[in-house]
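Here is the structure we will look at, set down as structure tokens.
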Amino acid sequence: MTYIFGHRGSAGTHPENTMISFQEAERAGADGIELDVQLTKDGEVIIIHDEKVDRTTDGKGYINNLLLKDIKKLNAGAKFQNGQFKAEIPTLNEFFEWFKGTNLFVNIEFKTKSISNYELEEKTVAMVKKNKLEERVIFSSFNHYSLVYCYRLAPEIETAPLYAEGLFMPWIYAQSIRAKGIHPNYRVIPDELITLSQNHGIKVRPYTVNQDEDIKRFLNCNTHAIITDFPKKAKELKTM
Numbered sequence: 001m002t003y004i005f006g007h008r009g010s011a012g013t014h015p016e017n018t019m020i021s022f023q024e025a026e027r028a029g030a031d032g033i034e035l036d037v038q039l040t041k042d043g044e045v046i047i048i049h050d051e052k053v054d055r056t057t058d059g060k061g062y063i064n065n066l067l068l069k070d071i072k073k074l075n076a077g078a079k080f081q082n083g084q085f086k087a088e089i090p091t092l093n094e095f096f097e098w099f100k101g102t103n104l105f106v107n108i109e110f111k112t113k114s115i116s117n118y119e120l121e122e123k124t125v126a127m128v129k130k131n132k133l134e135e136r137v138i139f140s141s142f143n144h145y146s147l148v149y150c151y152r153l154a155p156e157i158e159t160a161p162l163y164a165e166g167l168f169m170p171w172i173y174a175q176s177i178r179a180k181g182i183h184p185n186y187r188v189i190p191d192e193l194i195t196l197s198q199n200h201g202i203k204v205r206p207y208t209v210n211q212d213e214d215i216k217r218f219l220n221c222n223t224h225a226i227i228t229d230f231p232k233k234a235k236e237l238k239t240m
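Just so we're aligned, residue 1 is where the sequence shown starts under UniProt numbering, counting upward by one.
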């Protein structure tokens, strides 16, 4: 069975990385949610993709230069579909308060480039443990140092490296960093590598799978999961 993960919630239909987007993904029948985390100037873990607030909100500036109280004043729906939605940038704590009442999984992507400062990872791991959500969380990142650090902090929480270029024998690489999955760009994971990876115990969850033909391909390959902006459409294709 292929699981459906809503990319930043239901980012194709609702403002990405907002509670209304996450709630829509659940309503659409998604099995999990993918989201991105970063730190504010005052050290709060918030859910947003970019380093700056400019693209998705009515504000400007780098997240690491902004206080949470100022970030909370921004409309995270301002740039989506002519501003018909109004939404805050949520904290990870706020997300968990809602998430605990669902049956979903969550893939938390660390948006960090540092290989020496792990404050974001430490705070996120602590929140996951406090809420006893270890079995429902996957950590991913393009920063694989981040994932190795998380494994050392909490080996019970699954990790999965993100990557955008082809890898030789990706299951070997995943095993070398103690990851249980891989999250490749959907363009760089042929059917054969999906089968081989999963036969070696490594779950494959490609991103961002939005076109019908691509969704059907991964369903036909029995890919462990797909990450999509359109969880409702993916769910409908899965049940056809």
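Don't be surprised by glycine CBs; every beta carbon is placed ideally from N, CA and C. Small disclaimer: the values here were computed from a predicted structure and weren't measured.
Where residue i sits in the DSSP three-state scheme
| i | result |
| --- | --- |
| Y118 | coil |
| H144 | helix |
| N220 | helix |
| A225 | strand |
| P184 | strand |
| K113 | coil |
| D53 | In the sequence as presented, Asp is not what sits at residue 53; that position holds Val. Of the three classes helix, strand and coil, the one that applies to V53 here is coil, per DSSP. |
| V125 | helix |
| K203 | strand |
| I138 | strand |
| I177 | coil |
Extent of the continuous alpha helix (DSSP H) to which residue i belongs
| i | result |
| --- | --- |
| L162 | Where L162 is concerned, there is no enclosing alpha helix (DSSP H), although the beta strand (DSSP E) it sits in stretches over E158 to Y163. |
| S21 | M19 to R27 |
| T195 | D191 to N199 |
| P231 | P231 to K238 |
Continuous beta strand (DSSP E) stretch holding residue i: start and end
| i | result |
| --- | --- |
| D36 | G32 to L39 |
| Y3 | Y3 to H7 |
| V45 | V45 to I47 |
Nearest-angstrom Cβ-Cβ length linking residue i and residue j, presumed shorter than 8 Å
| i | j | result |
| --- | --- | --- |
| N185 | Y207 | 6 Å |
| N75 | D58 | 5 Å |
| I4 | P231 | 5 Å |
| K235 | A28 | 6 Å |
| A160 | I138 | 6 Å |
| T239 | V209 | Not a contact, Cβ separation roughly 16 Å. |
| E44 | T91 | 6 Å |
| K100 | N131 | 6 Å |
| V188 | G166 | 5 Å |
| G32 | F96 | Not quite, the Cβ-Cβ distance comes to about 14 Å (not below 8 Å), so this is no contact. |
beta-carbon residue i near the ligand MN non-hydrogen atom, thresh 8 Å
| i | result |
| --- | --- |
| N17 | By its list of ligands, the structure shown contains no ligand whatsoever, and the ligand MN lies outside what it can speak to. |
Complete runs of the alpha helix (DSSP H) confined to the stretch 58-100 [at least 4 residues]: Taking only runs of at least 4 residues, the alpha helix (DSSP H) segments lying wholly in the stretch 58-100 are 68-71 and 92-99.
Touching by the beta-carbon criterion (3+ pairs, under 8 Å), the stretch 108-124 and the stretch 140-148: yes
The stretch 48-56 contacting the stretch 124-138, beta-carbon criterion three pairs below 8 Å: no
Validate contact between the stretch 171-189 and the stretch 212-228 using beta carbons, cut 8 Å, 3 pairs: yes
At least three beta-carbon pairs within less than 8 Å, the stretch 64-73 to the stretch 21-28: No contact exists between the stretch 64-73 and the stretch 21-28.
The stretch 31-40 touching the stretch 76-83, judged by at least three CB pairs closer than 8 Å: They do not touch, by the three-pair rule.
Inter-stretch contact (C-beta, 8 Å, three-pair minimum) for the stretch 170-178 and the stretch 152-161: yes
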